[in-house]
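In my numbering, the protein residues as written are 4 to 231.
One structure is given here, and the rest of the page talks about it.
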Amino acid sequence: MVIGAYTKEDGEYLAKIWRRIHSKPIYVVKPIEAEIIKLCSNVSFALGITFANMIGELCEKYDVDSNRVLDIIYQDRRNYKAGLGFMGPCFPRDVNCFRAICLENSVESGYKFAELLNDLNDYTVQRYVQKIKSYNRKSVGILGVAYKPNVPYIYDSQPLKIAEILIRSGYQVYIYDPLAEENAKRVLNDAHFCSSISECIDKAEVIFIGTANYSNVKSKKPIVNPWK
Numbered sequence: 004m005v006i007g008a009y010t011k012e013d014g015e016y017l018a019k020i021w022r023r024i025h026s027k028p029i030y031v032v033k034p035i036e037a038e039i040i041k042l043c044s045n046v047s048f049a050l051g052i053t054f055a056n057m058i059g060e061l062c063e064k065y066d067v068d069s070n071r072v073l074d075i076i077y078q079d080r081r082n083y084k085a086g087l088g089f090m091g092p093c094f095p096r097d098v099n100c101f102r103a104i105c106l107e108n109s110v111e112s113g114y115k116f117a118e119l120l121n122d123l124n125d126y127t128v129q130r131y132v133q134k135i136k137s138y139n140r141k142s143v144g145i146l147g148v149a150y151k152p153n154v155p156y157i158y159d160s161q162p163l164k165i166a167e168i169l170i171r172s173g174y175q176v177y178i179y180d181p182l183a184e185e186n187a188k189r190v191l192n193d194a195h196f197c198s199s200i201s202e203c204i205d206k207a208e209v210i211f212i213g214t215a216n217y218s219n220v221k222s223k224k225p226i227v228n229p230w231k
């Protein structure tokens with residue numbers, strides 16, 4: 004249960020009443036948070052229904068039990084937080100594989116869904132490019148260009164794509180990612196690679212947090228942090 008209240012006292016008063024008849028967790032939040040939680044919760048359910056129906060359409064083509072497929076999929080209870088989009092060697096490949104299978108088998112709902120996933124994923128890159136550009140500076144420091152923390156791989160990396168776009172836009176781009184540096188250098192010929200976090204921050208006017216392991220970095224300079 005979610006209770007929206009303007010004061011902590013009012014929220015706790017209502018929660019105390021509800022706890023007499025409601026055994027599940029009760030969350031007291033601001034009214035605007037309660038509205039967003041309710042709205043997004045229902046959107047999440049709508050997405051789940053649409054996803055299940057899409058899987059059902061695909062399974063029909065192969066004479067597969069969609070309920071069995073979904074029951075196994077739903078065993079994975081990972082909950083994702085906001086940040087950059089999906090990247091790396093697995094998710095983009097499999098989304099495109101799913102898209103191709105749906106196209107080949109005339110599963111229109113699956114094809115449209117995969118197209119939308121790719122469009123929204125591409126939008127994430129443009130969204131953060133615009134956030135960086137909104138500060139009207141000429142240099143950016145990017146902490147992390149790998150597709151995830153603490154790996155050397157840059158396959159389909161969104162921080163790398165953001166760096167490429169900013170370089171083409173005339174930005175001076177400074178990068179710190181010791182594990183991914185060698186691979187990134189092969190792609191980002193005009194970027195400047197730094198030997199420490201502090202060097203990257205000192206040389207740049209805006210800081211972009213490319214991978215979540217740098218999300219707690221502090222600076223008086225503007226920080227664009229997708230992970231918070």
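Don't be surprised by glycine CBs; every beta carbon is placed ideally from N, CA and C.
Next on the checklist: Short of 6 Å in beta carbon distance, which residues of its chain neighbour residue 225, apart from the five on each side in sequence? Order them along the chain.
Outcome noted: Looking up residue 225 in the sequence shown gives position 222. Within the same chain, residue 225 has close Cβ partners 138 and 209.
Next on the checklist: Under DSSP, the alpha helix (DSSP H) around residue 131 begins and ends at which residues?
Outcome noted: Here residue 131 is taken as the residue at index 128 of the sequence shown, counted from 1. Run containing residue 131: 111-136, per the alpha helix (DSSP H) assignment.
Next on the checklist: Can you tell me whether residue 42 is buried or exposed? The criterion is at least 16 other CB atoms within 10 Å of its CB, across all chains shown.
Outcome noted: Taking the sequence shown and counting its residues from 1, one reaches residue 42 at position 39. Residue 42 is exposed by the Cβ-count criterion.
Item to check | Close-in-space but distant-in-sequence residues of the same chain around residue 78 (CB under 7 Å, 5 per side omitted) | outcome: The residue given as residue 78 occupies position 75 in the sequence shown. Nothing meets the Cβ criterion.
Item to check | Neighbourhood of residue 116 by C-beta distance below 6 Å, restricted to the same chain and skipping five residues each side | outcome: Along the sequence shown, read from residue 1 onward, the residue named residue 116 stands at position 113. Answer for residue 116: 57, listed in chain order.
Checklist entry - Does the beta-carbon distance from residue 135 to residue 196 come in below 7 Å? => result Here the question's residue 135 lines up with position 132 in the sequence shown. Here the question's residue 196 lines up with position 193 in the sequence shown. Not in contact: residue 135 and residue 196 (Cβ atoms no closer than 7 Å).
Item to check | Counterpart residues of residue 146 in DSSP-defined beta bridges | outcome: Taking the sequence shown and counting its residues from 1, the one referred to as residue 146 is at position 143. 179 and 212, per the DSSP bridge assignment.
Item to check | Closest residue to residue 123 among 103, 173, 87 and 7 (Cα-Cα distance) | outcome: Position 120 of the sequence shown, counted from the first residue, corresponds to residue 123. The residue with the shortest Cα to Cα distance from residue 123 is 87.
Checklist entry - By DSSP, does residue 48 sit in helix, in strand, or in coil? => result Position 45 of the sequence shown, counting from 1, holds the residue named residue 48. It is helical.
Checklist entry - What separation, rounded to the nearest whole angstrom, lies between the Cα atoms of residue 221 and residue 203? => result Numbered from 1 along the sequence shown, position 218 holds the residue referred to as residue 221. Numbered from 1 along the sequence shown, position 200 holds the residue referred to as residue 203. Going from the Cα of residue 221 to the Cα of residue 203 covers about 12 Å.
Checklist entry - For the putative contact between residue 179 and residue 199, defined by C-beta atoms under 8 Å, what is the C-beta separation to the nearest angstrom? => result As a working note, residue 179 is residue 176 in the sequence shown. As a working note, residue 199 is residue 196 in the sequence shown. Right, the Cβ-Cβ distance comes to about 7 Å (below 8 Å), so this counts as a contact.
Item to check | Contact under 7 Å by Cβ, residue 174 with residue 143 | outcome: On the sequence shown, position 171 is the one that residue 174 refers to. On the sequence shown, position 140 is the one that residue 143 refers to. Taking 7 Å as the Cβ cut-off, residue 174 and residue 143 qualify as a contacting pair.
Next on the checklist: Check for me: the beta strand (DSSP E) holding residue 5 runs from which residue to which?
Outcome noted: Start at 1 with the first residue of the sequence shown, and residue 5 comes out as number 2. Looking at the DSSP string, the run of the beta strand (DSSP E) that includes residue 5 is 5-7.
Checklist entry - Do residue 157 and residue 183 come within 7 Å of each other at the CB atom, strictly closer than that value? => result The residue you call residue 183 lines up with position 180 of the sequence shown. The residue you call residue 157 lines up with position 154 of the sequence shown. Against a cut-off of 7 Å, the Cβ pair of residue 157 and residue 183 comes out as a contact.
Checklist entry - With respect to the beta strand (DSSP E) encompassing residue 32, which residues constitute its N-terminal and C-terminal limits? => result Looking up residue 32 in the sequence shown gives position 29. Element bounds for residue 32: 30-32.
Item to check | Whole runs of the alpha helix (DSSP H) within the segment 152-200, excluding any shorter than 4 residues | outcome: 161-171 and 184-188
Next on the checklist: Given this structure, state the Cα-to-Cα distance separating residue 1 from residue 16, to the nearest angstrom.
Outcome noted: Missing from the structure shown is residue 1; the chain here goes from 4 to 231 and no further.
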